[in-house]
Amino acid sequence: MRKAWLLLLLLLSLSCAQYSGVIMKSCSGWRLNRLPLVKKFIREDSEFYNLEIIYEGGDPRLIFIDETGKEAETVNVSDLDQKGIKKVLEDHGFYPTH
Numbered sequence: 006m007r008k009a010w011l012l013l014l015l016l017l018s019l020s021c022a023q024y025s026g027v028i029m030k031s032c033s034g035w036r037l038n039r040l041p042l043v044k045k046f047i048r049e050d051s052e053f054y055n056l057e058i059i060y061e062g063g064d065p066r067l068i069f070i071d072e073t074g075k076e077a078e079t080v081n082v083s084d085l086d087q088k089g090i091k092k093v094l095e096d097h098g099f100y101p102t103h
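Heads up: the sequence shown at position 83 corresponds to 88 in our numbering, and the numbers run straight through without jumps.
Encoded structure:
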């Protein structure tokens, strides 16, 4: 029985992706102004998740960094509201510090 529990715990730990960081890359200026819900998250909530914001072209996205420092997963957030972006972060193991 104990071996079964240990095996289950091992499998669960392997199935959970481990990320060491997250970066948000976003468009700026007029394009970001057309995405008011994303802009609101950046202005009001991003600091609580210790996000580094990089303004460059393209859709707003969260880039999850693995333990080796490489980009492991990218999630487009241009269609999400504040609550949706927070859920993506929390589903990936990032929680607000306040």
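We put the CB at the ideal spot given by N, CA and C, even for glycine. Predicted model only: the values in this text are computed from it and were never measured.
{"Check": "Residues sharing a beta bridge with isoleucine 70, DSSP", "Outcome": "Gly26, Glu76"}
{"Check": "Neighbour-count burial assignment, serine 25, 16 or more Cβ in a 10 Å radius", "Outcome": "exposed"}
{"Check": "Where asparagine 38 falls: helix, strand or coil (DSSP)", "Outcome": "helix"}
{"Check": "Neighbourhood of glycine 62 by C-beta, 7 angstroms cutoff - its chain only, sequence neighbours within 5 removed", "Outcome": "Cys32"}
{"Check": "Simplified DSSP assignment, three categories, for glutamate 52", "Outcome": "helix"}
{"Check": "Whole-Å CB distance - proline 65 paired with serine 51, under 8 angstroms assumed", "Outcome": "That belief does not hold up - the Cβ atoms of proline 65 and serine 51 are roughly 11 angstroms apart, past 8 angstroms."}
{"Check": "Glutamate 95 (DSSP reduced to helix, strand or coil)", "Outcome": "helix"}
{"Check": "Beta-carbon proximity check, isoleucine 28 vs glutamate 57, cutoff 8 angstroms", "Outcome": "yes"}
{"Check": "8 angstroms Cβ cutoff met for glutamine 87 and phenylalanine 46", "Outcome": "yes"}
{"Check": "Asparagine 81 to leucine 67 span [Cα, whole Å]", "Outcome": "7 angstroms"}
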